[in-house]
Each structure stands twice: as structure tokens, then as C-alpha cells.
Amino acid sequence: MMETYYDDISRLSLESSADEPPNLVIPGCVIVDGQNGHGTYFNDNGELLVSTVGIAKKTNKFICIETVRSRYCGSVGDYVIGRVVEVLQKRWKVDVNARLNAILLLSSVNLPGGELRRKSEEDEQWMRENLVEGDLISAEVMSVYADGSLSLQLRDIHRKLNQGVLVSVPSFLIKKRKVHLHHFPCKITVSFGINGNIWIAPTDEEEKDCSSSGFMDIIQSLTYDTHDNIARFRNCCCLLAENKVMLFEKSLWLAYEYSLAYKVNEILTESLKKEIANYVGTRVMASILFPEDRKGMAIQLGKLIHQLVEQKRLEKNYCVIGLSGGSMPDIMAEALQAVNCDFKHVWFIFCDERHVPFSSDESNYGQYQRKVIAPIPAIQTANFLPIDPDLNLDDCATDYENRLREIFQNQLEKSGAQFPQIDCLLLGIGPDGHICSLFPDHAALKETNRWVVPVGDSPKPPPRRVTLTLPVINNASQIVFVTCGASKADIVERIINRKDPFLPAVMVKPTTGRILFLFDKEASSKLPKLSKSEITECRSLSSTKP
1147 MMETYYDDIS RLSLESSADE PPNLVIPGCV IVDGQNGHGT YFNDNGELLV STVGIAKKTN
1207 KFICIETVRS RYCGSVGDYV IGRVVEVLQK RWKVDVNARL NAILLLSSVN LPGGELRRKS
1267 EEDEQWMREN LVEGDLISAE VMSVYADGSL SLQLRDIHRK LNQGVLVSVP SFLIKKRKVH
1327 LHHFPCKITV SFGINGNIWI APTDEEEKDC SSSGFMDIIQ SLTYDTHDNI ARFRNCCCLL
1387 AENKVMLFEK SLWLAYEYSL AYKVNEILTE SLKKEIANYV GTRVMASILF PEDRKGMAIQ
1447 LGKLIHQLVE QKRLEKNYCV IGLSGGSMPD IMAEALQAVN CDFKHVWFIF CDERHVPFSS
1507 DESNYGQYQR KVIAPIPAIQ TANFLPIDPD LNLDDCATDY ENRLREIFQN QLEKSGAQFP
1567 QIDCLLLGIG PDGHICSLFP DHAALKETNR WVVPVGDSPK PPPRRVTLTL PVINNASQIV
1627 FVTCGASKAD IVERIINRKD PFLPAVMVKP TTGRILFLFD KEASSKLPKL SKSEITECRS
1687 LSSTKP
């Protein structure tokens, strides 16, 4: 029976339809074709084998195994939340979602009263008075034993947990921070254990001051609003984890605030789960910087380009940057003047271009010729990849895609991906929310296979254009939105606050990359004042020098 089972699954083809169940694999399974990713390895015969139990996922030719349950691998200093599973002589065993149970020694615990002294036989006899099987505790990893098991310690900031809700998520979704205990304004405290356990409980002022004993059973009468908030935070944790959004104080608070428009039991409906996760995912994957004016924006953009070019020169000896039109040529002209680096191996490609002669004022490449190439000796015509405006519109788009494929040929051969990973795209935002030449409700937004498409009916003159498609944009390593001027304040407010799903700018959701928003004072004038947590990530750069 066992031999038949292994014969059936020994060779696994991942060419399955969407209606078929996911491929559950075990170590030793041979994958018929594909490139190795997480959870796979090649044997001596060149066969691709599975190394862990999980679900086989295939993206183009890239194979990875999503484990059925991820186990926590601890390191010294980690904040963890676990459950006591056994009381032994001078120690407790604690389940912390690791391969082996952790050990909490009696000598590593600050007993009630906070006395730091040698533990006596009487202390050992009273161990069960402090912690018994089933108790939840927060602790810190003190050391890692040779077999991989963890030794824990309880300091004054750690305690027994009660009167709350425990949520378990994959440990890789917990973002490591300096502080893992957070008191939210709605009088709820959330503790993020690095091991994937999250504790949600009402805020207790004594606990907040860390003045009470860590072994006290703190029982208080809870209001309906408190119960409601605990349940809301719990549901937000679940939906974020289900959609693989990193969990930390900012992402959870964003999900909580967004969910306030709905009842608690509505949050976990399929449509709303995805809506909230998409909103939070876009916000936490993005950083927002507020230069005072266009000069400050050029300074920041120059710093970014300098760092990017130097980094990519060391990594792969070339760099690809996508450019847009509008006000971007003027900003780039000022930004690149101050950049002191070697542009010999830098490609500037166009996110979109108007199908007009280069001599026209409407030509993006023509603008860069006059404002960037001519006045900056370090940047040459050879650094740019313009379209061929002499071809008809359809052939022009096809030709530009083919020339882009030549640049990314080696990258695609190594990765097996369908779309290139451009190092950085510099995008503007139109008053209607369009990016590149992708306009609201336009058919070009639905393209899923091509890199470059023609646009013959642009609502904004000139009507004939070529543009990168959304899949190419979303596959970029970094996307920078550069927006300035009071005329953009309304659309910036819609994009950042309302997340209108029909705006092309909101459809930019990087698969693995990051988003950076650069808004000057006028463009950001209708955004609300930032919270303290956001201010730390959104710095004013008006006086920054490259």
C-alpha cells in the first residue's frame, strides 16, 4: 500500500488547472520540470526534489514549496509568546511554535516581589502556584542550546497572560521590531511574538507601568466596546495573515481603522478580507517623503538615483531606470546635475512615450535630449532607449518591446520569468489618476501578456502613444511616484486616503518591490496630519543635501 502511494506521487507535474486541488508534496518527490526555489534541491542525477512537506507553487518555471506549517527558529533576544506544557524539577517546558519545546528555568524567573536572589527549595515547591500547564506567558530567548531548543527568561517586562485572545500566524509574517508590546488608543494592548503568536488584551495601567507582578491574574470587568475591539483586532490579524501581509503595529492599526466602517462579523467576508488586505499591503509597502518644493524633490531624487546606480554597479554592473514625461524632465535635469557617478552602464528607458517626432515639444525623449543630455556631459545619447517614431503605432510598440527584451535577455534566462524586473520606475500621476499612458477604464489596463502596448485613443493629447503595461510596472524592484503642484492635491488625497480601486495609480501593487511617494508641500496639502508612527517614516527633506 505504501509502495503504491509513493509510486503515485514520486514524479510530480505542476501543469495543473486552476480547478484542481493544490499539490501536496513530501520530501523526496521528484518535480518533473522547473527551477529550484525554497523547499527544493537538485540531486546527483540533476532531478529537482522536494525537501519539505508543503504545497507546491509554480510561478512561470520557478518552483517553491509553501510549508504546511512554518516552525519558528529562535535567536537570542527574541520576544516570544508561549504556552506552558509541563512543570518539571526547577524548570517549565513551554511550547513556542518551535521544533522543540523551550525551557524556562526557575533561576531565569523574577519571582513575585521582584527579588533577585538565589532560588530556594521553597521556591521550587511553589512553582505551580506561579505557572501551571496551560498558562500563557511572554518571555525573551536567553540562549539557544546545541539541539536547537531555546532557553527562556522572564524579566520585569514579561508576564503571565490572561483575559485576552491568542492569535497564531506563520512566524515569518511577524515583522521584527525593537518594541513588540504596543498600547493602542482604543485601550487595547497587542503583543507581537516573533514566534508567530499574537496576544490581544485590554490595556491595564498597572501592566503599562510594569509595576505589578508578572504572575498576578489580572481580572477586570470588560465593557462591550472592549470585547468588540478585541474581536476586531483578532479578525484583522487573521485576514492580514491569510493574505500574507506583514504583521506589526502599523499594519494592524491600518486594518483596524479601515474595518471600523463595518461590523466585526463582516470583516471576514471574502470580498472585504481582500479589500482590507490590499489597502494595508499598499500602505505598508510604501514610504512617503515630503520635500518642501521642487528643489527639495530634485535633491531627494538625485540621492536616490546615486545610491541605486552605485548599488546596481556592484551587484550586476548595470542599472535600468524607467522615465516618464510631464514635469519629470525638468526635475530630472536638476536632480542629475548633482549626481556624481559613472553612467556608462545605466539604461534610461521610457515608461511611456508619445508617437511624435523627437523634434516635437510633445516628445518625452526630445525633452530629455534638450534638458538632460545636452547640458550634462556624463549622460550620453547611448544611455537612452527611445522608441522609433518612424514606424506605425503598432509596430512601434512591438519594436520597443523587442529591444527591451534584448536588455533583459540574461535576466529572463536565469529567472524564467515572464516580465523583466526593472530596477526603478519614476512615475508621475495625472490629475485623473493615470500613470504612464494607462488611463482610467482604458482597455490597456487589462493587458496581461505584453510588455508594451500601443494606445491610439488617449483621452489626453497627443492621442497616439506607447506604454509599459501594468504587469511590467508591478514587477519592478522599486517604483517612485514623483508628484508636485497644487493641481495634484485632490488626486493625491484620493490615492493615499480613499484608495479608489479604479485609479491606475492604485493598481500599482508591486509583486516584490517597494513604492516610494515623493509629494511636495502643495501636492500633499489635502492629506491629514500624520500620526507619530508615520512621522518617523515620512521625513521632510527640504534641507537635505546629496
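In this text, residue positions in the sequence shown follow the numbering used here: the first is 1147, and each later residue adds one.
Positions of the beta carbon are idealized from the N, C-alpha and C atoms, including for glycine.
Bear in mind the structure is a predicted one, so any value in this text is a computation, not a measurement.
Between which residues of its own chain and Arg1596 is the CB-CB distance below 7 Å, once the five residues before and five after are set aside?
By 1-based counting over the sequence shown, the position of residue 1596 is 450. The residues are Glu1547 and Thr1615.
Assign Gln1235 to buried or exposed, taking buried as 16 or more other Cβ atoms, counted over all protein chains shown, within 10 Å of its Cβ.
In the sequence shown, the residue the question calls residue 1235 occupies position 89. Burial call: exposed.
Report back the beta-carbon spacing between Gln1624 and Leu1662 to the nearest angstrom; my notes put them in contact at under 8 Å.
By one-based count along the sequence shown, residue 1624 stands at place 478. By one-based count along the sequence shown, residue 1662 stands at place 516. That pair is a contact at about 7 Å.
Could you give the distance in angstroms between the alpha-carbon of Ile1422 and the alpha-carbon of Lys1396?
Numbered from 1 along the sequence shown, position 276 holds the residue referred to as residue 1422. Numbered from 1 along the sequence shown, position 250 holds the residue referred to as residue 1396. Cα to Cα, the separation comes out at about 14 Å.
Would you kindly work out how many angstroms separate the C-alpha atoms of Ile1227 and Ile1211, rounded to a whole number?
For the purposes of this step, residue 1227 is identified with residue 81 of the sequence shown, where counting begins at 1. For the purposes of this step, residue 1211 is identified with residue 65 of the sequence shown, where counting begins at 1. Rounded to whole angstroms, Ile1227 to Ile1211 spans 27 Å at the Cα level.
For the alpha helix (DSSP H) that contains Phe1494, what are its first and last residues?
As a first step, residue 1494 must be located in the sequence shown, where it is residue number 348. Unbroken run through Phe1494 is the beta strand (DSSP E), Val1492 to Phe1496; no alpha helix (DSSP H).
Give me, in chain order, the residues of the same chain whose beta-carbon lies closer than 6 Å to that of Ile1376; leave out the 5 immediate sequence neighbours on both sides.
Walking along the sequence shown from the start, residue 1376 turns up at place 230. Correct list, in chain order: Val1311 and Ile1346.
Quick one: what does DSSP say Pro1348 is sitting in, helix, strand or coil?
Position 202 of the sequence shown, counted from the start, is the residue given in the question as residue 1348. Residue state, collapsed to three classes: strand.
Pick out the complete alpha helix (DSSP H) segments inside the segment 1517-1578, 4 residues or longer, and give them in chain order.
1539-1553 and 1555-1561
Leaving out five residues before and five after Phe1554 in sequence, what residues of the same chain have Cβ atoms less than 6 Å from its Cβ?
As a working note, residue 1554 is residue 408 in the sequence shown. Result list for Phe1554: Pro1566, in chain order.
Could you pull the start and end residues of the alpha helix (DSSP H) that Lys1236 belongs to?
Sequence index remark: in the sequence shown, residue 1236 carries index 90 (1-based). Where Lys1236 is concerned, there is no enclosing alpha helix (DSSP H), given that its DSSP letter is neither H nor E.
Between which two residues does the alpha helix (DSSP H) containing Thr1120 stretch?
Outside the modelled stretch of the chain, which goes from 1147 to 1692, sits residue 1120, for which no answer is possible.
With DSSP as the reference, please indicate the residues paired to Glu1499 in a beta bridge.
Counting from 1 along the sequence shown, the entry for residue 1499 is found at position 353. Per DSSP, Val1612.
With DSSP collapsed to three states, give me the class of Val1410.
Counted from its first residue, the sequence shown places residue 1410 at position 264. Three-state result, Val1410: helix.
For the beta strand (DSSP E) holding Arg1660, just list the boundary residues, first then last.
As a position in the sequence shown, residue 1660 is number 514, starting the count at 1. Its beta strand (DSSP E) spans residues Arg1660 to Phe1665.
Nearest residue (CA-CA) to Arg1610, options Phe1585, Cys1630 and Phe1627:
Looking up residue 1610 in the sequence shown gives position 464. Here the closest residue by C-alpha is Phe1585.
In terms of residue numbering, what span does the beta strand (DSSP E) encompassing Ser1623 cover?
In the sequence shown, residue 1623 corresponds to position 477, counting from 1. Ser1623 -> no beta strand (DSSP E), and no H or E assigned at all.
Between the alpha carbons of Lys1441 and Lys1449, how many angstroms are there, rounded?
Against the sequence shown, residue 1441 aligns to sequence position 295. Against the sequence shown, residue 1449 aligns to sequence position 303. Straight-line Cα distance between these residues: approximately 13 Å.
Check whether Ser1473 and Asp1498 have beta carbons under 8 Å apart
Position 327 of the sequence shown, counted from the start, is the residue given in the question as residue 1473. Position 352 of the sequence shown, counted from the start, is the residue given in the question as residue 1498. Contact flag unset, no.
Within the continuous alpha helix (DSSP H) that includes Gln1299, where are the two ends?
In the sequence shown, the residue the question calls residue 1299 occupies position 153. No alpha helix (DSSP H) holds Gln1299; the beta strand (DSSP E) holding it covers Leu1296 to Leu1300.
Quick one, are the C-beta atoms of Pro1650 and Leu1591 less than 8 Å apart?
By 1-based counting over the sequence shown, the position of residue 1650 is 504. By 1-based counting over the sequence shown, the position of residue 1591 is 445. Going by C-beta atoms, Pro1650 is nearer than 8 Å to Leu1591.
Report back the beta-carbon spacing between Val1233 and Arg1274 to the nearest angstrom; my notes put them in contact at under 8 Å.
Residue 1233 sits at position 87 when you count from the first residue of the sequence shown. Residue 1274 sits at position 128 when you count from the first residue of the sequence shown. Going by Cβ atoms, the distance from Val1233 to Arg1274 rounds to 6 Å, so yes, they are a contact pair.
Could you pull out every residue in the same chain whose Cβ sits closer than 6 Å to the Cβ of Gln1515, ignoring the five residues on either side in sequence?
Stepping through the sequence shown from its first residue, residue 1515 is reached at position 369. Correct list: empty, nothing qualifies.
Classify Arg1229 as helix, strand or coil using the three-state DSSP reduction.
Your numbering for residue 1229 matches position 83 in the sequence shown. Strand.
Alpha carbon of Asn1343 to alpha carbon of Ile1303, nearest angstrom
Residue 1343 sits at position 197 when you count from the first residue of the sequence shown. Residue 1303 sits at position 157 when you count from the first residue of the sequence shown. In a straight line, the C-alpha of Asn1343 is about 17 Å away from that of Ile1303.
Could you tell me whether the segment 1194-1203 touches the segment 1313-1325, using the rule of 3 or more Cβ pairs below 8 Å?
no
So Phe1379 and Ile1413 are in contact, right, with Cβ under 8 Å, and what is the actual spacing, rounded?
Locating residue 1379 in the sequence shown gives position 233, counting from the first residue. Locating residue 1413 in the sequence shown gives position 267, counting from the first residue. Actually they are not in contact, since the Cβ atoms of Phe1379 and Ile1413 sit about 10 Å apart, beyond 8 Å.
Using DSSP's beta-bridge definition, name the partner residues of Pro1600.
In the sequence shown, counting from the first residue as 1, residue 1600 sits at position 454. Note: Pro1600 sits in a beta bridge opposite Val1612.
What are the boundary residues of the alpha helix (DSSP H) that Gly1448 is part of?
In the sequence shown, residue 1448 corresponds to position 302, counting from 1. Per DSSP, Gly1448 belongs to the alpha helix (DSSP H) from Arg1440 to Glu1461.
Let me know if Ala1407 comes out buried or exposed under the rule of 16 or more other beta-carbons within 10 Å of its beta-carbon.
Locating residue 1407 in the sequence shown gives position 261, counting from the first residue. Flag for Ala1407 reads exposed.
Return the first residue and the last residue of the beta strand (DSSP E) that Met1288 is part of.
In the sequence shown, the residue the question calls residue 1288 occupies position 142. Its beta strand (DSSP E) spans residues Leu1282 to Val1290.
So Phe1338 and Leu1393 are supposed to be a Cβ contact under 8 Å. How far apart are they, rounded?
For this step, residue 1338 is matched to residue 192 along the sequence shown. For this step, residue 1393 is matched to residue 247 along the sequence shown. Right, their Cβ atoms sit about 7 Å apart.
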